[in-house]
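Trainee: In UniProt numbering, the protein residues as written are 1 to 287.
Heads up, the beta-carbon is just placed ideally off N, CA and C, and yes, glycines get one too.
Written out as structure tokens, the structure is:
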């Protein structure tokens with residue numbers, strides 16, 4: 001959505017000062033209120049779902065997890081938040097995965113920098129998001145995988161990652177970072193932009209470093225992710241013979257999977273969700 005504006009903000013210095021966010025937001029982020037009539041709500045029947053704490057190198061990070069109430073050794077899906085943090089929509093996506101038989105977990109990856117769910121102005125949200133280092137995010141996702149393994153419920157030999165908007169870019173980065181992830185699905189994540197000390201590389205810079213296949217789902221009318229950058233990524237993947245793929249939906253905006261926002265496009269969202277499940281199955285991370 002407004003993630004493309006991050007590159008326009010001044011470089012931010014990062015100092016660890018502990019966790020600002022110690023529990024997750026309730027409901028939807030204030031910046032996206034009111035939610036639309038098409039908002040999907042997934043119940044918790046047959047699920048174990050709720051907030052958990054994940055131990056990181058410097059403290060405890062809040063996260064939302066959902067999984068079937070019975071059984072264990074579930075395939076694990078890391079769900080990476082939109083620019084709005086882990087609010088109700090991201091929690092609902094975790095429950096959707098749990099209904100399919102996964103252990104899905106969404107860590108609050110801005111927990112040290114601030115609670116964007118309480119902000120209504122996008123420039124204020126962007127100021128916080130711009131201070132989140134990629135290295136911190138990679139470390140926190142590693143800690144989330146370790147948490148899932150230690151829980152005894154997750155089978156981290158079947159590890160997948162998916163993310164939306166800000167999180168879509170992170171999917172590509174994590175697929176280049178982690179030797180354990182088996183498949184990724186990136187929903188409309190930025191592919192290239194200006195670099196700085198906290199964000200030294202973007203997906204286009206990491207094509208040859210991908211350790212897992214990524215399916216990219218993008219909209220041709222995304223005002224923040226120009227089609228030429230998508231085409232550049234497609235060409236780079238083809239040239240390096242990477243098994244990753246990108247689908248570019250015609251006449252489709254950014255945020256087309258976000259059913260709680262006006263950008264939602266049901267046909268493309270449903271198609272993308274079906275493609276995600278098939279991609280995970282193809283690469284051995286389905287229940």
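Give me the DSSP bridge partner(s) of residue 48.
Mentor: Within the chain shown, residue 48 is the residue found at index 48, counting from 1. DSSP, once it has assigned bridges, lists 67 as partnering residue 48.
Trainee: In chain order, what residues of the same chain have a beta carbon less than 7 Å from the beta carbon of residue 232, not counting five sequence neighbours either side?
Mentor: The residue labelled residue 232 in the question sits at position 232 within the chain shown. If we look at residue 232 and ignore the five residues flanking it on each side, its Cβ neighbours are 204.
Trainee: For residue 82, count the other beta carbons within 10 Å of its own beta carbon; 16 or more makes it buried, fewer makes it exposed. Which is it?
Mentor: Here residue 82 is taken as the residue at index 82 of the chain shown, counted from 1. It is buried - the Cβ of residue 82 has at least 16 other Cβ atoms within 10 Å.
Trainee: Check whether the Cβ atoms of residue 18 and residue 80 lie closer than 7 Å to each other.
Mentor: Locating residue 18 in the chain shown gives position 18, where the first residue counts as 1. Locating residue 80 in the chain shown gives position 80, where the first residue counts as 1. No, these two residues do not count as a Cβ contact at 7 Å.
Trainee: Leaving out five residues before and five after residue 206 in sequence, what residues of the same chain have Cβ atoms less than 7 Å from its Cβ?
Mentor: Against the chain shown, residue 206 aligns to sequence position 206. Correct list, in chain order: 172, 173 and 176.
Trainee: Roughly how many angstroms separate the alpha carbons of residue 13 and residue 200, rounded to a whole number?
Mentor: On the chain shown, residue 13 is found 13 positions in, with the first residue counted as 1. On the chain shown, residue 200 is found 200 positions in, with the first residue counted as 1. In this predicted model, residue 13 has a pLDDT of only 37, less than 50, meaning its place in the structure is not dependable; the value taken from the coordinates is given anyway. Whole-angstrom Cα-Cα distance: 14 Å.
Trainee: Please work out which residues of its chain come closer than 6 Å, Cβ to Cβ, to residue 145, disregarding the five sequence neighbours upstream and downstream, and give them in chain order.
Mentor: The residue labelled residue 145 in the question sits at position 145 within the chain shown. So the qualifying residues of the chain are 156.
Trainee: Could you say if the stretch 245-258 and the stretch 207-220 meet the contact criterion of at least three C-beta pairs nearer than 8 Å?
Mentor: yes
Trainee: Assuming residue 290 is part of the alpha helix (DSSP H), what are its boundary residues?
Mentor: No answer is possible for residue 290: it lies beyond the span of the chain, which begins at 1 and ends at 287.
Trainee: What are the partner residues of residue 221, as DSSP defines its beta bridges?
Mentor: On the chain shown, position 221 is the one that residue 221 refers to. According to DSSP, which records beta bridges pairwise, residue 221 is partnered with nothing at all.
Trainee: DSSP has residue 62 in a bridge; who is on the other side?
Mentor: The residue given as residue 62 occupies position 62 in the chain shown. Under DSSP, residue 62 forms a beta bridge with 53.
Trainee: Give me the Cα-Cα distance between residue 32 and residue 255, rounded to the nearest whole angstrom.
Mentor: On the chain shown, position 32 is the one that residue 32 refers to. On the chain shown, position 255 is the one that residue 255 refers to. Their backbone Cα atoms lie some 12 Å apart in a straight line.
Trainee: Can we say the stretch 127-145 touches the stretch 100-117, given the rule of at least three CB pairs closer than 8 Å?
Mentor: Three or more Cβ pairs closer than 8 Å define a contact, and the stretch 127-145 meets that threshold against the stretch 100-117.
Trainee: Under DSSP, the beta strand (DSSP E) around residue 107 begins and ends at which residues?
Mentor: The residue you call residue 107 lines up with position 107 of the chain shown. Start and end: 103-107.
Trainee: Tell me, which residues are paired with residue 183 by DSSP?
Mentor: By one-based count along the chain shown, residue 183 stands at place 183. Per DSSP, the beta-bridge partners of residue 183 are 160.
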